[in-house]
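Taking the working numbering, I'd label the letters of the sequence shown as residues 173 to 561.
We put the CB at the ideal spot given by N, CA and C, even for glycine.
Quick caveat, the model's predicted, so the values are computed rather than measured.
One structure is given here, and the rest of the page talks about it.
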Amino acid sequence: MSAAGTEALGAEFVTRYGREAAVVCAAPGRVNLIGEYTDLNEGFVLPIAIPQVTHTLAAPRPDRVLRVASLDRRDDPAISIDLDRPEAPVAGWAAYPAAVARALDDAGHRVAGADVLVSSEVPTGAGLSSSAALECAVALALCALSGVELAPMAIAEIAQRAENRYVGVPCGIMDQAASMCAIADHALLLDTRTLAIRQLPFDVHGAGLGLLVVDTRVKHALGDSAYGDRRTACARAAAALGVGALRDVEVGEVAAALEEIAAKAGEEVMRRARHVLSEQARVLQTAELLDAGQIAEIGQVLIAGHASLRDDFEVSCAELDLVVKAAVASGALGARMTGAGFGGSAIVLAAATRLSEIAQEIAARFSAAGYGAPLCFSASASAGARRER
Ligand code: GLA
């Protein structure tokens, strides 16, 4: 956000709450380069943070009340959450900050009451992890006000738990980890079993390339329940093999494992597992290429990842498929849907000089297909969450 933007936000805080904010925090959204649904199987993921962040401004209160307001809902009154009545239902977006405060409490970090103002640049409902950005930005602010010092990954775990337990979304840890732990010009290789991370060089601009994020602006209704269904299918596949998670299948055992899954749990569960196991290999292959500085070469891996999500995991949709098809046809190095799918966004990797032409081609194909205009922006691997003041 520009200095002027931050200043306007500060002024809005004063108007709302009658005093200055004591802390300002920011947490970004993310796109995943590769490793989709592997975090539900204790596998590897490889996301980057995008430049768009959610800001939280906050000041302490002497009581145990958390008041939250959003600049995106300027006319709404602030919502009050009683931190001593954590089981009281909180509706709408405020359920996220309430869940974070409660999960911090669960983890033994009793936070003080606070007045919080939120403002987000991360598009919502676009598969870019606006929820994780909100959770992480709120968690950082509450910790800062209460003098709670936690490592970035510890905050990510608390934010994920907040979403799992108290918002009721059975997500993995990728989004929160990306928001908390990403660094600029790097992709975050995260082992979701051990939570070990490695920062891999991903300076797209330095390599003469560009990364386009294409928000299809569609969200298919079945997405929410289907996420849980995919989680269940993965658990059934692991159970058929008698392993804790699909992560446990060794590379040399994949073919036999898939046969066993098909025999015991059926063809559909086998295809879900086939995606996870092949995706796991694609993450490691991509990591190797990035380690070797071969960014352009990951393009083909991204394309293969999309096909697997479309055909085996069945979480793509016509709009996402069209982005990938149009991008590849107009010379992109690679493209794939990113995030949970069923709408949301895709990423396109291409030579920097080709980016705007590819974006135009995608828009033209959307228009010809009768779809609404997609929202395209170019992104680079950006910094993770931080306290700004
Ligand atoms: C959502 C979840 C993540 C991950 C992806 C799919 O973004 O929040 O944990 O499972 O879907 O890769």
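Looking at the ligand GLA, does it come within less than 6 angstroms of residue i, judged from the CB to the closest heavy atom?
| i | result |
| --- | --- |
| E208 | yes |
| A325 | Reading the sequence as shown, one finds Met at residue 325 and not Ala. The answer is no for M325. |
| A512 | yes |
| A211 | Reading off the sequence, residue 211 comes out as Asp, not Ala. Because some heavy atom of the ligand GLA lies under 6 angstroms away, the Cβ of D211 counts as near it: yes. |
| A396 | Reading off the sequence shown, one finds Asp at residue 396, where the question assumed Ala. Checking every heavy atom of the ligand GLA against the Cβ of D396, none is found closer than 6 angstroms. |
| D347 | yes |
| C131 | With the chain running from 173 to 561 in the structure shown, residue 131 is simply not present. |
How far does the alpha helix (DSSP H) with residue i in it extend, from its first residue to its last?
| i | result |
| --- | --- |
| P269 | A267 to D278 |
| Q457 | E439 to D463 |
| D477 | Looking at the sequence shown, residue 477 is not Asp but Gly. Taken as a continuous stretch (DSSP letters only), the alpha helix (DSSP H) holding G477 covers G471 to D483. |
| F185 | A175 to Y189 |
| L384 | Taken as a continuous stretch (DSSP letters only), L384 belongs to no alpha helix (DSSP H), being part of the beta strand (DSSP E) at L381 to K391. |
| G400 | G395 to L413 |
| S303 | S302 to S318 |
| A536 | L527 to A540 |
Taking all protein chains shown into account, decide if residue i is buried (16 or more other Cβ within 10 angstroms of its Cβ) or exposed.
| i | result |
| --- | --- |
| L494 | buried |
| Q224 | buried |
| T228 | buried |
| E214 | buried |
| H478 | buried |
| L394 | exposed |
| T525 | exposed |
| H377 | exposed |
| D401 | exposed |
| D347 | buried |
| G471 | buried |
| D484 | buried |
Under three-state DSSP, which class holds residue i?
| i | result |
| --- | --- |
| G207 | coil |
| G201 | strand |
| D548 | Note on identity: in this sequence residue 548 is Cys, with Asp being the wrong assignment. Strand, per DSSP. |
| R246 | coil |
| D375 | coil |
| G264 | helix |
| L418 | helix |
| I467 | coil |
| I369 | strand |
| R257 | coil |
| V283 | coil |
| V423 | helix |
| V341 | coil |
Looking at residue i and the ligand ATP, is the gap between the Cβ and the nearest heavy atom below 6 angstroms?
| i | result |
| --- | --- |
| D401 | Looking at this structure, you won't find the ligand ATP anywhere; what it does contain is the ligand GLA. |
Between which two residues does the beta strand (DSSP E) carrying residue i extend?
| i | result |
| --- | --- |
| I251 | I251 to D254 |
| R239 | V237 to S242 |
| A218 | It should be pointed out that residue 218 corresponds to Leu in this sequence rather than to Ala. That run of the beta strand (DSSP E) goes F216 to P232. |
| I355 | Careful: I355 lies outside any beta strand (DSSP E) and carries neither H nor E. |
| A286 | A286 to S292 |
| L492 | That residue, L492, is in no beta strand (DSSP E); its alpha helix (DSSP H) goes A490 to A501. |
| R333 | That residue, R333, is in no beta strand (DSSP E); its alpha helix (DSSP H) goes P324 to R333. |
| S517 | G515 to A523 |
| G506 | G506 to M509 |
Counting only C-beta atoms, is residue i closer than 7 angstroms to chain D at any point?
| i | result |
| --- | --- |
| P223 | Looking at the structure shown, chain D is missing, and only one protein chain is on hand. |
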